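Undergrad: Below you'll find the structure I mean.
2 protein chains.
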Amino acid sequence: MSMSERTGARTGKPLIESDRVEGTDVYSPDGTSIGSIKRLMIDKVSGKVAYAVMGFGGFLGMGEEEYTVPWSKLDYDTSLGGYRTDITESQLRGSPTFYRSGDYDWSDRNRERELHDYWGVPFYWGGV
Amino acid sequence: MSMSERTGARTGKPLIESDRVEGTDVYSPDGTSIGSIKRLMIDKVSGKVAYAVMGFGGFLGMGEEEYTVPWSKLDYDTSLGGYRTDITESQLRGSPTFYRSGDYDWSDRNRERELHDYWGVPFYWGGV
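Those protein sequence lines, which keep their order, are chains A and B. If you want our numbering, it's the position in the first sequence, counting the first as 1, plus 40. If you want our numbering, it's the position in the second sequence, counting the first as 1, plus 40.
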């Protein structure tokens, strides 16, 4: 497999460190920073990154809210040195936030379906 | 899908936060802590966790070495609150360390095959 076929040549390195993803800015299509990635949620069985927890809004460290969005909504853009997404503020504010309740344990697949359907992306677990 | 079928019931929650994985201890079969996870290496195209970078050895913060091992070599054990592995110290010391050279970019699939063959685990990219 040539270097150009190994996707890294198009997008930089093919692998990225988790502690480098954390804190990386997320940009809207017009290049505005709309937030940053706080942490990733990893599916233990498949080893796949299922979600990114984004910090959004706030000023001088206050009032920031966290939203959990499917990882596939973010695309790494080497020219920006961050993630690009088409997510808008109104979409975020209208998104399901069931995961914010108490100590949510992510055991309800129906809730995950709801979240993926809202964002219009395929399920990371491959099934239905 | 019932709670018991959703694997989380057996191993705790089905999803784990990346910033909770970082710093988690890694235990040998006899329950001894052999190191800790420093960070994960994520494959951008598939969104899969490809490798864990383990800190091993050292004393009082000095002399610790980092080893990059396939993520599938580690199994989360809720009773330990950490990862269990069958990796031994001698296996670590004999493992390929090509990734330590300069600013290694992980663009060489042959090197990754070598690393996975050494550890005896399937390739995370599914192919050959």
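We put the CB at the ideal spot given by N, CA and C, even for glycine. Bear in mind the structure is a predicted one, so any value in this text is a computation, not a measurement.
Is the number of C-beta pairs between the stretch 99-114 of chain A and the stretch 133-144 of chain A that are closer than 8 Å three or more?
TA: yes
Undergrad: Is ASP59 (chain A) helix, strand or coil when you go by DSSP?
TA: Three-state DSSP puts ASP59 (chain A) in a helix.
Undergrad: Would you kindly check if the distance between the Cβ of TRP146 (chain A) and the Cβ of LYS113 (chain A) is under 8 Å?
TA: no
Undergrad: Is ASP126 (chain B) helix, strand or coil when you go by DSSP?
TA: coil
Undergrad: Is it right to say SER44 (chain B) is buried, meaning 16 or more other beta carbons lie within 10 angstroms of its own, or is it exposed?
TA: Its pLDDT being 36, under 50, SER44 (chain B) is placed unreliably in this model, and the coordinates cannot settle the point.
Undergrad: Taking C-beta pairs closer than 8 Å, name the residues in chain B that TYR116 (chain A) reaches, listed in chain order.
TA: The contacting residues are LYS84.
Undergrad: Quick check on ILE127 (chain A) - is its C-beta less than 8 Å from some C-beta in chain B?
TA: Taking 8 Å as the CB threshold, ILE127 (chain A) stays off the interface with chain B.
Undergrad: Between the stretch 56-64 of chain B and the stretch 67-83 of chain A, are three or more C-beta pairs nearer than 8 Å?
TA: yes
Undergrad: What span of residues does the beta strand (DSSP E) with GLU105 (chain B) cover, start to end?
TA: From DSSP, the beta strand (DSSP E) with GLU105 (chain B) extends over 105-110.
Undergrad: Are GLY75 (chain A) and VAL89 (chain A) closer than 8 Å when you measure CB to CB?
TA: no
Undergrad: Run the CB neighbour count on GLY2 (chain A), radius 10 Å, all protein chains shown included, and call it buried at 16 or more, exposed below.
TA: Coverage of chain A is limited to positions 41 through 168, which leaves residue 2 (chain A) absent and any answer about it impossible.
Undergrad: Look at the alpha carbon of VAL93 (chain B) and the alpha carbon of GLU129 (chain A), and state the distance between them as a whole number of angstroms.
TA: 35 Å
Undergrad: Identify every residue that forms a DSSP beta bridge with VAL161 (chain A).
TA: Beta-bridge pairing links VAL161 (chain A) to no other residue.
Undergrad: Answer with yes or no whether the minimum CB distance from MET81 (chain A) to chain B is below 8 Å.
TA: yes
Undergrad: Measuring alpha carbon to alpha carbon, tell me which residue in A:GLY167, A:PRO162, A:SER73, A:TYR164 is nearest ASP117 (chain A).
TA: A:SER73
Undergrad: Given that LEU155 (chain B) touches chain A, what residues does it touch there, using C-beta distances under 9 Å?
TA: The premise fails here: LEU155 (chain B) is roughly 12 Å from chain A at the closest Cβ pair, so nothing lies under 9 Å.
Undergrad: At least one CB of chain B closer than 8 Å to the CB of PRO54 (chain A): is that the case?
TA: yes
Undergrad: Pull out every residue of the stretch 95-115 of chain A whose Cβ sits closer than 8 Å to any Cβ of chain B, in chain order.
TA: Answer set for the stretch 95-115 of chain A: TRP111, SER112.
Undergrad: Kindly list, in the order they appear in chain A, the residues whose Cβ is closer than 7 Å to that of ASP59 (chain B).
TA: GLU62, ARG79
Undergrad: Need the endpoints of the beta strand (DSSP E) that ASP115 (chain A) sits in, please.
TA: Per DSSP, ASP115 (chain A) belongs to the beta strand (DSSP E) from 115-117.
Undergrad: Can you tell me the Cα-Cα spacing of SER119 (chain A) and GLU154 (chain A), whole angstroms?
TA: 33 Å
Undergrad: Taking C-beta pairs closer than 7 Å, name the residues in chain A that VAL66 (chain B) reaches, listed in chain order.
TA: Neighbours of VAL66 (chain B) on chain A: none; closest Cβ ~15 Å, over 7 Å.
Undergrad: Provide the residue span of the beta strand (DSSP E) that contains TYR139 (chain B), from first to last.
TA: Note, TYR139 (chain B): premise wrong, no beta strand (DSSP E); not H, not E.
Undergrad: Return no unless some Cβ of chain A is closer than 8 Å to the Cβ of GLY87 (chain B).
TA: yes
Undergrad: For the beta strand (DSSP E) containing PHE96 (chain B), name the first residue and the last one.
TA: 88-96
Undergrad: Taking beta-carbon pairs under 7 Å, can you tell me which members of the stretch 139-153 of chain B lie near chain A?
TA: Within the stretch 139-153 of chain B, the qualifying residues are ASP145, TRP146, SER147, ARG149.
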